[in-house]
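See below for the structure under consideration.
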Amino acid sequence: MTKSIPDGKIVAGNPAKIVGETIDFVNKIRNISVSTKTMNYSEKKTFLLSLNDDKFIKK
Numbered sequence: 285m286t287k288s289i290p291d292g293k294i295v296a297g298n299p300a301k302i303v304g305e306t307i308d309f310v311n312k313i314r315n316i317s318v319s320t321k322t323m324n325y326s327e328k329k330t331f332l333l334s335l336n337d338d339k340f341i342k343k
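Each residue of the sequence shown is one higher than the one before, counting from 285 in this note's numbering.
Encoded structure:
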């Protein structure tokens with residue numbers, strides 16, 4: 285990186301581009317936060333595939 289990233293922004297790619305805001309990310313995570321520590325790989329995969337697309341961050 286040769287330039288500063290503004291506070292509260294999420295960047296990705298090369299060259300880096302702003303793809304979102306941290307507050308949006310935090311709010312989405314809070315809405316779908318599920319403890320997966322006790323799930324095995326198969327259970328986690330089934331759970332994630334059952335979610336609607338609106339549960340994931342989009343560009």
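Glycine included, every Cβ here is placed at the ideal spot set by N, Cα and C.
Spatial neighbours of residue i in its chain, beta-carbon cut-off 8 Å, leaving aside the 5 residues before and after
i, result
"T306", "G292, K293 and I294"
"A296", "V303"
Bridge partner(s) assigned by DSSP for residue i
i, result
"K293", "E305"
Contact belief for residue i with residue j at Cβ below 8 Å, rounded distance in angstroms
i, j, result
"F318", "F309", "First, the amino acid is wrong: residue 318 is Val here, not Phe. Not quite, the Cβ-Cβ distance comes to about 16 Å (not below 8 Å), so this is no contact."
"T320", "K328", "5 Å"
Member of the options whose CA lies at the smallest distance from the CA of residue i
i, options, result
"I302", "S326, N336 and K287", "K287"
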